[in-house]
Amino acid sequence: MPPERTIFLIDGQSFYASVEKSAYPEYLDKPVAIGDPDRKSGIILAACPVAKSRGVTTAERIFEAQAKCPDLIVIRPRMQRYITISLLITRLFENFTDLVEPYSIDEQFLDVTGSLSLFGSPYEIARQIQAQVLASTGVWSRVGIGSTKILAKMATDNFAKKRPDGIYRLGPENIEKDLWSLPVHQMFMVASRMTRHFIRMGLPTIGDVARLDLGEFKRRMRREMGKQSDIQAEYYWQTARGIDPSPVVPSIRGKLQSVSHGKALRSHLYRKLEDIEVVLLELVVEVCRRARRHGYLGRVVSVGAVETDGERASHFGRQMTLPHATSLTHEVAAAAHKLFVEHWRGLPVSRLFIALTDLASDDVYQLTLFDNRPAAYAIERATDSIKDRFGDAAIMRASSMLESGVARERAGQIGGHYK
6 MPPERTIFLI
16 DGQSFYASVE
26 KSAYPEYLDK
36 PVAIGDPDRK
46 SGIILAACPV
56 AKSRGVTTAE
66 RIFEAQAKCP
76 DLIVIRPRMQ
86 RYITISLLIT
96 RLFENFTDLV
106 EPYSIDEQFL
116 DVTGSLSLFG
126 SPYEIARQIQ
136 AQVLASTGVW
146 SRVGIGSTKI
156 LAKMATDNFA
166 KKRPDGIYRL
176 GPENIEKDLW
186 SLPVHQMFMV
196 ASRMTRHFIR
206 MGLPTIGDVA
216 RLDLGEFKRR
226 MRREMGKQSD
236 IQAEYYWQTA
246 RGIDPSPVVP
256 SIRGKLQSVS
266 HGKALRSHLY
276 RKLEDIEVVL
286 LELVVEVCRR
296 ARRHGYLGRV
306 VSVGAVETDG
316 ERASHFGRQM
326 TLPHATSLTH
336 EVAAAAHKLF
346 VEHWRGLPVS
356 RLFIALTDLA
366 SDDVYQLTLF
376 DNRPAAYAIE
386 RATDSIKDRF
396 GDAAIMRASS
406 MLESGVARER
416 AGQIGGHYK
């Protein structure tokens, strides 16, 4: 019988704010939040413990946070910096185990089962990791320990985050006493809507779900949510009991099914086709570049758009199969433009979306009689190389310099936030 697994879920406390406090030691004891200081109506992305103690919360408006905490220091986010620190933390974890699975930018699963004989008990390993990450990055780590990923995650969220040492273990010895007594909304993947269902079923705590026979729980779920709820019922019942057979895997990327890119737009600025065409082309450029980066060609081009008359919004999505698979910008752009023009009703556009699907490897591509496709690919790859080396803004199409272009602004951002 294989040994019981020892799995960590390690979370970086107030990750963005901790990275900034490490960069600015003079802010160590001051309330710090991450957001755009020039946009008072923008939201707080992260707040340090000092700011949280003054009532500042994540996702509230900056002006609301400053009303509670007038001396709040709001720092513009630097997403590339946070990604770099997250990758550094991953490498630190890999000193202890090769089984490291990122869950988010500030959370990662580790399977340290095979590391116990080298580095000591789970608590000793956790303390070593905390010390190394803090010394290297200035980020304090909280470590949830369990025999499954679910238990490790709930140990972190519900217990380790509240302990001075930042370490907590959930196992057979304490799951009933500690976890099952918690309100059901503190169970992993239970949000407000599901909480209401559980309350109506007379299951206000995690233990109320866990102690039920699975068959009885399924019957209650069917009465509450319909006949198609059996899979959900089994998932929540297993979660309440800490059952999770999924392994920690060092890579979670499978084969790509599509390459896509979308952009939310201020609709009052995108009423004319000539302005919309600029963004449409920019999206195609990015989709084709991503496809080439991952080594794919696509046969099906999809275009989606949301239109609005100022009161109501409608959307359309259409696709076209190309004569041959491609990741050449001009070929995808021609198809995308044709689809958009045919199905756009002429209303202002608040969102555009482009996707390339039916993917195949770009190891081989179709030659054509009248186009020099090898030369076109050589130009595209040279452009990719320049952008990879010098940044997205190093080379771009002239149309992106128009007022309607968004590529210049996006070149300075990651995920919609400043680098």
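Residue numbers for the sequence shown follow our numbering, so the first one is 6 and each next one is one higher.
Each residue gets a CB set at the ideal place from its N, CA and C atoms; glycine is no exception.
None of the values given here were measured: they were computed from a predicted structure.
Quick check: the Cα distance between residue i and residue j, rounded to an integer number of angstroms?
i    : j    : result
Y29  : V37  : 11 Å
D76  : A56  : 9 Å
Q262 : A360 : 10 Å
S122 : T89  : 31 Å
D116 : S23  : 25 Å
R297 : T326 : 19 Å
I248 : R216 : 14 Å
A365 : G300 : 8 Å
G267 : L286 : 12 Å
S146 : S91  : 12 Å
K223 : W185 : 19 Å
G231 : A340 : 43 Å
Y241 : A165 : 22 Å
F409 : E385 : Reading the sequence as shown, one finds Ser at residue 409 and not Phe. S409 and E385: Cα-Cα distance of roughly 24 Å.
E181 : I78  : 42 Å
Y21  : G143 : 11 Å
Y87  : D111 : 9 Å
S27  : T63  : 20 Å
D235 : M226 : 7 Å
D363 : P250 : 32 Å
P42  : C53  : 16 Å
P255 : F124 : 20 Å
A140 : N163 : 26 Å
E69  : P82  : 19 Å
D103 : P252 : 13 Å
R413 : D368 : 32 Å
R323 : R205 : 41 Å
P177 : Q137 : 30 Å
E99  : P107 : 12 Å
Looking at the unbroken beta strand (DSSP E) that takes in residue i, where does it start and where does it end?
i    : result
V79  : 78-80
A330 : 318-331
G17  : 12-17
E347 : Here E347 belongs to no beta strand (DSSP E); instead the alpha helix (DSSP H) covers 334-348.
A38  : 37-39
S109 : 105-109
D116 : 112-116
For residue i, report the span of its alpha helix (DSSP H) as first-last.
i    : result
L278 : 278-299
F68  : 67-73
A360 : That residue, A360, is in no alpha helix (DSSP H); its beta strand (DSSP E) goes 354-366.
G220 : 219-230
L97  : 84-98
R132 : 127-142
P54  : 54-58
V24  : 20-28
V214 : 211-215
F164 : Segment: none, F164 is in no alpha helix (DSSP H) and carries neither H nor E.
P255 : Segment: none, P255 is in no alpha helix (DSSP H) and carries neither H nor E.
K392 : 378-395
Could you please give me the residues that DSSP links to residue i through a beta bridge?
i    : result
S263 : T362
Y173 : G149
G303 : T331, L364
L311 : Just to set this straight, residue 311 is Val in the shown sequence, not Leu. Bridge partners of V311: H320, R356.
A51  : I39
K268 : L357
P188 : T210
For residue i, would you say it is in contact with chain B, using Cβ-to-Cβ distances shorter than 9 Å as the test?
i   : result
K73 : The chain labelled as chain B is not found in the depicted structure, where only one protein chain is given.
How many whole angstroms separate the CB atoms of residue i and residue j, which I take to be in contact at a CB cut-off of 8 Å?
i    : j    : result
V354 : Y275 : 5 Å
A310 : L278 : With a Cβ gap of about 12 Å, A310 and L278 do not count as contacting.
S332 : L302 : 5 Å
P127 : R168 : The Cβ separation is near 15 Å, so there is no contact.
Is any heavy atom of the ligand NAP found at a distance shorter than 8 Å from the C-beta of residue i?
i    : result
D368 : Among the ligands in the structure shown, none appear at all, so the ligand NAP cannot be discussed.
- [ ] Would you check if the stretch 151-161 and the stretch 119-139 touch, i.e. whether three or more CB-CB distances between them fall below 8 Å?
- [x] no
TODO: Could you say if the stretch 205-216 and the stretch 235-247 meet the contact criterion of at least three C-beta pairs nearer than 8 Å?
DONE: Cβ pair count under 8 Å is three or more, so yes.
TODO: Indicate whether the contact test is met: 3 or more Cβ pairs, each with one atom in the stretch 404-416 and one in the stretch 275-294, closer than 8 Å.
DONE: yes
Open item on the list: So, does the stretch 386-400 touch the stretch 342-359, judging by three or more C-beta pairs under 8 Å?
Closed with: no
Open item on the list: Would the stretch 105-115 count as touching the stretch 13-21 if we require 3 or more Cβ pairs under 8 Å?
Closed with: yes
Open item on the list: If contact is defined by three or more beta carbon pairs under 8 Å, each pair taking one atom from either stretch, is the stretch 312-319 in contact with the stretch 367-375?
Closed with: Contact fails: fewer than three Cβ-Cβ distances are below 8 Å.
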